[in-house]
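Protein chains in written order, with our numbering: chain D, 142 to 259; chain G, 721 to 834.
(1) Restricting to runs no shorter than 3 residues, where is the beta strand (DSSP E) found entirely within the region 180-226 of chain D?
(2) Which partner residues does residue 749 of chain G have in the DSSP bridge list?
(3) Can you give me the Cβ contacts of residue 256 of chain D inside the same chain, cut-off strictly under 8 Å, excluding the 5 residues immediately before and after it?
(4) Strictly under 8 Å for the Cβ-Cβ distance: is residue 231 of chain D near chain G by that measure?
(5) How about residue 765 of chain G and residue 813 of chain G: do their beta carbons lie closer than 8 Å?
(6) Do we get a CB-CB distance below 8 Å when we pair residue 761 of chain G with the residues of chain D?
(7) Who does residue 777 of chain G pair with in a DSSP beta bridge?
(8) Taking a Cβ distance cut-off of 9 Å, strictly less, list which residues of the region 756-786 of chain G are near chain D, in chain order.
(9) What do you get for residue 730 of chain G, buried or exposed, if any count of 16 or more other CB atoms within 10 angstroms of its CB means buried?
(10) Which residues, taken in chain order from the region 818-830 of chain G, show a beta carbon closer than 7 Å to some beta carbon of chain D?
(11) Residue 806 of chain G to residue 833 of chain G, Cα distance in whole Å?
(12) Work out the CA separation of residue 824 of chain G and residue 216 of chain D for me, nearest whole Å.
(13) Pull up the distance between the alpha-carbon of residue 757 of chain G and that of residue 192 of chain D, whole angstroms please.
(14) Quick check on this structure: which residue in D:253, D:244, D:233 has the alpha carbon closest to the alpha carbon of residue 166 of chain D?
(15) When you compare the CB of residue 753 of chain G with every CB in chain D, is at least one pair closer than 8 Å?
(16) Give me the residue from G:727, G:760, G:773, G:778 with the minimum Cα distance to residue 819 of chain G.
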């Protein structure tokens with residue numbers, strides 16, 4: 142069955158430090174998609190990145206980077222030189238492309254609340 | 721402007737009084753979904769729809785109903801709300817009939833069932 146684990150419930154770092162948010166997933170399928178979403182204190186949910194299971198290249202977008210490792214079933218998110226505006230809850234999510242079970246659910250992790258302290 | 725619109729944004733009601741939360745998207749998206757967000761539990765999918773007249777249960781469908789009569793609308797119905805349905809609800813839509821595309825979320829509806 143699908144499962145997404147974000148073991149870090151809450152993290153606090155001082156501004157300008159680097160921080161990594163962990164995401165570990167479980168799936169039976171060989172084709173699947175992983176996502177990260179951000180929920181700032183204002184409450185909206187914002188899409189950050191999508192990665193399919195065949196693309197293990199790491200991605201960098203400004204201060205954000207993602208490390209996808211199929212060998213460890215992980216899709217970790219690093220913020221470099223963190224800023225107060227990065228304070229938010231971050232969710233990792235999984236979608237399986239081959240619907241052997243017949244369903245098409247999306248499974249979210251429980252989220253990691255990140256506090257960037259000035 | 722491309723958006724997912726939920727109404728109402730806030731609602732306080734009493735146990736057993738039927739309510740509907742509307743959701744509408746203007747992006748011609750096929751996949752639509754409802755989630756609830758509870759402290760410590762993250763986002764959990766309630767129902768989803770891959771297209772008109774096609775709906776399926778997510779992980780926590782008990783106590784909820786949905787319908788998809790038009791592509792743009794996906795209302796969430798609580799026929800007999802109970803206090804354990806007090807939560808923050810999000811509607812979302814995405815391109816294509818499957819869940820493998822980024823979700824566009826509404827602003828959320830905070831429901832309190834007394």
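Cβ coordinates follow ideal geometry from the N, Cα and C atoms, glycine included.
Based on what the coordinates show:
(1) Inside the region 180-226 of chain D, DSSP marks whole beta strand (DSSP E) runs of 3 or more residues at positions 187-193, 200-202, 205-210, 215-220, from first to last along the chain.
(2) Its beta-bridge partners do not exist; DSSP assigns none.
(3) 151, 152, 153, 154, 228.
(4) Chain G, which has no Cβ nearer than 8 Å to the Cβ of residue 231 of chain D, makes this no.
(5) Cβ distance not < 8 Å, so residue 765 of chain G and residue 813 of chain G don't count as in contact.
(6) Using a Cβ-Cβ cut-off of 8 Å, residue 761 of chain G counts as an interface residue toward chain D, since at least one Cβ of chain D sits closer than that to its own.
(7) Paired residue(s): G:767.
(8) Listed in chain order, the positions of the region 756-786 of chain G with a beta carbon within less than 9 Å of a beta carbon of chain D are 757, 760, 761, 762, 763, 764, 765, 768, 770, 776, 777, 778, 779.
(9) Exposed.
(10) If the cut-off is 7 Å between Cβ atoms, the region 818-830 of chain G has 818, 819, 820, 822, 823, 825, 827, 828 near chain D.
(11) Cα to Cα, the separation comes out at about 5 Å.
(12) Distance between the alpha carbons of residue 216 of chain D and residue 824 of chain G: 21 Å.
(13) Rounded to whole angstroms, residue 757 of chain G to residue 192 of chain D spans 24 Å at the Cα level.
(14) Minimum Cα distance to residue 166 of chain D is reached at D:233.
(15) Yes, its Cβ sits closer than 8 Å to a Cβ of chain D.
(16) Closest by C-alpha distance to residue 819 of chain G, out of G:727, G:760, G:773, G:778, is G:778.
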